Structure formats: C-alpha cells, structure tokens
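Input: a single structure, listed below in structure tokens.
Numbering (the numbering used here), first residue to last: 1356 to 1452.
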C-alpha cells in the first residue's frame, strides 16, 4: 500500500475548515472531520478511482461539504496537496507553489 501524505498546506486548510465549522456548531465541526476521514480512507484504499483533472492531479469531492481534495498518486505515495472550497476558481485548486 502506498504511503498517505498530507502536505502542510492541506493540513492547514483542513484545520481552518474544521475550526470554522466548529465555531458554528461542535457537531458540524465533527461532521466535517468525519466526512474528510471517509474521503481520506477512500483515497488511501482506492487512489485511482478519481479521474485525473489536470495531470497529474486528481480531484475528489467531500460528500456533505462543498470542498474538493486535490491529490496525486505516484508509485510509492498518495500526496494530498489541497482541500479547497468548490466555489474557488479551478486554478486555485491546484498545488500551491
């Protein structure tokens, strides 16, 4: 199985999103984290299930929240680069430089 890596940018985005929802409601913050966990598990166990949107990046959408996870699959790793609100322009969804 490939290593599952979350970049510091993606980690910070996840923390900010969870905090934002938790400030509205603790249950909402927990629901966001659970949704993220399900998607992360899905990516980890079936990394090639999502289409390549912009080579080499793949996108998968959270089920209950308006966010897209941008990741790359290599021979040895799955690298999560971004967790971005779907209302952002698609160019902002790609890896930060």
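C-beta atoms are modelled at their ideal positions from N, C-alpha and C, and glycine is treated no differently.
Keep in mind that this is a model prediction, so the values were computed, not measured.
The Cβ-Cβ distance between residue 1359 and residue 1400 does not fall below 7 Å.
The alpha helix (DSSP H) runs of length 4 or more contained entirely in the region 1400-1428 do not exist; there are none. Contact check for residue 1372 and residue 1415: beta-carbon distance about 15 Å, past the 8 Å limit, so the pair fails to qualify.
One alpha carbon belongs to residue 1404, the other to residue 1361, and they sit about 18 Å apart. Taking C-beta atoms under 8 Å as the contact rule, residue 1413 and residue 1427 qualify, at a distance of about 7 Å.
The straight-line gap separating the alpha-carbon atoms of residue 1386 and residue 1423 is approximately 16 Å. Taking each of 1441, 1442, 1436 in turn and checking the Cα distance to residue 1367, the smallest one comes out for 1436. With fewer than 16 other Cβ atoms inside 10 Å of its own Cβ, residue 1407 counts as exposed. Residue 1440 and residue 1425 have their alpha carbons spaced roughly 11 Å apart.
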